[in-house]
Amino acid sequence: MKPNVKDLSKEQFTSYLAERGQPSYRAAQVWQWLYQKRAVSFDEMSNLSGALRRQLAADLSISRPRIARQSESRDGTVKFLFELADGETIESVLIPEVHRLTLCISTQAGCGFGCAFCATALMGLKRNLRASEIVDQVLEASRTLDGERRITHVVLMGMGEPLANYTQTVQALEVLTDATWGIGISPRRMTLSSVGLVPQIQKLMEETRVNLAISLHAANDELRDKLMPVNRKYSLKQLIDCCRSLPIPRRKRITFEYVLLNGVNDSEQDARELCRLLSGVRCKVNVIPFNPHPGSSFERPGESDISRFGQILLEQGFQVNVRRPRGDDIQAACGQLSVLSSETVSNERWRVEDTSHSLPLTPH
Ligand code: SAH
């Protein structure tokens, strides 16, 4: 198998060409063909000599994942199922809004973090995606758009934990954000969401300028340990201390995501505990009412509980956004991404490595 040109970083590709006596602007030309004109063969790259095109084709391949399924929700949300070269499948979701078109992309096939309420967790981790496979989701989704429509925002909130696949994810971010050579989406329009891997969060904030979202979902360790097993490794104190110390520019804020689970983390007391935990952190809070999926016994709270929760945060001076589900009729809403068939999922109980906690949680 020839290496995929889209798996080479800018630096690696530039030195590959330099070793063959090519000037560095050739690397820029090839990248522009790949990422701006979305070329699928070296043959198309008409500003390169025939000899160079033949050499590239002899050494390298250009990946093209197959769209195995494309479904459109009644609200205009589109879900793509991609089949990768080895047969693994991943999903991306295109979310049209009035002034933006957001693509939600995956960074792993499946996920190994076992969050109690998440559909992807039921798959377990299949494997990390390569940088090319992360970028290809944007390229292929873009190809389906007509006329002048362009993807304006990218969120790394699909399947998987981006910071558990750090190197490939950051390499993909380089291509997605590079305005001269690459796809050219501003890092201000990109958000990476993490379960809270403290060392990698620090590294990411030093190395990139993308926005950071953190999945919190509980305001005390006892509950967060149960909902998100990762909390046993990085406690809330470590996570919030890390957030307080990040070098975030004054005009930017960290986003905290809080999925509301009926009778589990949605009480008035939970809201007040969350306010105390986040007090003094420059942040905004995205409250996400739970999106049900086969295989989970959690429930979405009623409307009045959802608004009471949001209201308490607002009264305490937090910037709050209660998220409405998009694409839930095609199982494309937050936490519904899973390429297991619904029969497989509904027969399976979700698992955690440490069985000392008896779950599913009983409502309090
Ligand atoms: N692994 C990263 C990226 C996934 S982002 C992370 O956890 O942050 C997906 C977001 O949707 C996370 O905040 C996740 O906790 C949330 N989520 C998962 N399952 C959900 C569900 N069923 N309903 C609503 N939100 C859910």
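The numbering of the sequence shown is the working numbering, which starts it at 6 and goes up by one. Ideal Cβ placement from N, Cα and C applies to all residues, glycine included.
> Can residue 295 be considered in contact with the ligand SAH, in the sense that its beta carbon sits closer than 7 Å to one or more heavy atoms?
Replying inline: Indexing the sequence shown from 1 puts residue 295 at position 290. Yes, Cβ of residue 295 sits closer than 7 Å to a heavy atom of the ligand SAH.
> Taking just the CA atoms, how far does residue 293 sit from residue 154?
Replying inline: On the sequence shown, position 149 is the one that residue 154 refers to. On the sequence shown, position 288 is the one that residue 293 refers to. About 28 Å.
>> Taking 8 Å as the limit between beta carbons, can you name the residues of its chain near residue 79, skipping five residues before and five after?
In response: Indexing the sequence shown from 1 puts residue 79 at position 74. Its chain contains 334 as the residues whose beta carbon lies nearer than 8 Å to that of residue 79, once the 5 sequence neighbours on both sides are disregarded; these appear in chain order.
>> With DSSP as the reference, identify every bridge partner of residue 342, one or two as the case may be.
In response: Working through the sequence shown from its first residue, we reach residue 342 at position 337. DSSP, once it has assigned bridges, lists no residue as partnering residue 342.
> For the candidate residues 92, 267, 322 and 279, whose alpha-carbon lies nearest to that of residue 311?
Replying inline: As a working mapping, residue 311 is identified with position 306 in the sequence shown. Of 92, 267, 322 and 279, the residue nearest in Cα terms is 267.
> Does DSSP put residue 115 in a helix, in a strand, or in coil?
Replying inline: Residue 115 sits at position 110 when you count from the first residue of the sequence shown. If DSSP states are grouped into helix, strand and coil, residue 115 belongs with the strands.
>> Rounding to the nearest angstrom, what Cα-Cα distance links residue 320 and residue 114 in this structure?
In response: As a working mapping, residue 320 is identified with position 315 in the sequence shown. As a working mapping, residue 114 is identified with position 109 in the sequence shown. Residue 320 and residue 114 have their C-alpha atoms some 40 Å from each other.
>> Any heavy atom of the ligand SAH closer than 7 Å to the beta-carbon of residue 5?
In response: Past the boundaries of the shown model lies residue 5; the chain is included only from 6 to 369, so the question cannot be answered.
> Taking 7 Å as the cut-off, is the CB of residue 6 close to at least one heavy atom of the ligand SAH?
Replying inline: Sequence index remark: in the sequence shown, residue 6 carries index 1 (1-based). No.
> Can you round the beta-carbon distance between residue 100 and residue 82 to whole angstroms, since I take them to be within the 8 Å contact cut?
Replying inline: Residue mapping note: residue 100 aligns to position 95 of the sequence shown, counting from 1. Residue mapping note: residue 82 aligns to position 77 of the sequence shown, counting from 1. Confirmed, Cβ separation roughly 5 Å.
> Given that a residue counts as buried once 16 or more other Cβ atoms are within 10 Å of its Cβ, and exposed if not, what is residue 104?
Replying inline: Against the sequence shown, residue 104 aligns to sequence position 99. Classification for residue 104: exposed.
> Skipping 5 residues on each side, what residues in its chain have a beta carbon closer than 8 Å to that of residue 66?
Replying inline: One-based indexing of the sequence shown puts residue 66 at position 61. Cβ neighbours of residue 66 within its own chain (closer than 8 Å, five residues either side excluded): 6, 7, 8, 9 and 10.
> What residues match up with residue 160 in a beta bridge as DSSP calls it?
Replying inline: Walking along the sequence shown from the start, residue 160 turns up at place 155. In the DSSP output, where bridge partners are listed per residue, residue 160 has 109 and 196.
> Within 10 angstroms of its Cβ, does residue 27 collect 16 or more other Cβ (buried), or is it exposed?
Replying inline: The residue given as residue 27 occupies position 22 in the sequence shown. It is buried - the Cβ of residue 27 has at least 16 other Cβ atoms within 10 Å.
> Apart from the five residues on each side of it in sequence, which residues of its chain come closer than 6 Å, Cβ to Cβ, to residue 282?
Replying inline: Mapped onto the sequence shown, residue 282 falls at position 277. Within the same chain, residue 282 has close Cβ partners 224.
> Could you give the residue range of the alpha helix (DSSP H) that holds residue 61?
Replying inline: Position 56 of the sequence shown, counted from the first residue, corresponds to residue 61. Per DSSP, residue 61 belongs to the alpha helix (DSSP H) from 55-64.
> Under the three-state reduction of DSSP, which class applies to residue 351: helix, strand or coil?
Replying inline: To locate residue 351, count along the sequence shown from 1; it is residue 346. Only weak support exists for where residue 351 lies, its pLDDT of 43 falling under 50; the value from the coordinates is given anyway. In the structure shown, residue 351 sits in a helix (DSSP, three-state: H, G or I).
>> Is residue 166 close to the ligand SAH? I mean its beta-carbon at under 7 Å from any heavy atom of the ligand.
In response: To locate residue 166, count along the sequence shown from 1; it is residue 161. Yes, the beta carbon of residue 166 sits closer than 7 Å to at least one heavy atom of the ligand SAH.
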